[in-house]
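S.K.:
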Amino acid sequence: MHLQAGFLAVEPSSGNVKAWVGGVSHKYFKYDHATMRRSVGSTMKPFVYTQAMAVANILPCQEFDDIQYTISPGDPGFDLVEEWSPANATEEFTGNKYNLFTAFIF
213 MHLQAGFLAV EPSSGNVKAW VGGVSHKYFK YDHATMRRSV GSTMKPFVYT
263 QAMAVANILP CQEFDDIQYT ISPGDPGFDL VEEWSPANAT EEFTGNKYNL
313 FTAFIF
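Residue 213 is where the sequence shown starts when you use the numbering used here, and the numbers rise one by one after that.
See the structure below:
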């Protein structure tokens, strides 16, 4: 089994590409992981969690109940026309308490 990953480094001030690694070996793996469109999946978790922690003043060890939440139209901070309930990874709710460390794993 081989690591399948790509890497692209961009200079922020100019936008110039400084490094481009499409994968392990172009000879054996022709897929360019740096440019192909794919879901970012859990790659975004650190960015989303960090922003949520800053905005909502959430601490890493703070616990949350694994229950169904529903956001209603008119709820401050949301521009909804109908109720919305986010799903979780298992699509089931246990009622257990989880902290951000545990949530980050899933």
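Even glycine gets a Cβ: it sits at the ideal position worked out from N, Cα and C. On a predicted model such as this, the values are computed, not experimentally measured, just so you know.
So A264 is in the alpha helix (DSSP H); what residue range does that whole segment cover?
M.R.: K257 to A268
S.K.: Count the other CB atoms, across all protein chains shown, that sit within 10 Å of the CB of G227; report buried if there are 16 or more and exposed otherwise.
M.R.: Exposed, by the Cβ-count rule.
S.K.: Shortest alpha-carbon distance to E295 belongs to which of A264, K257 and I283?
M.R.: I283
S.K.: On the three-state DSSP scale, how would you describe L292?
M.R.: Here L292 sits in coil by DSSP.
S.K.: Using a 10 Å radius around the Cβ and a threshold of 16 neighbouring Cβ atoms, would you call G235 buried or exposed?
M.R.: buried
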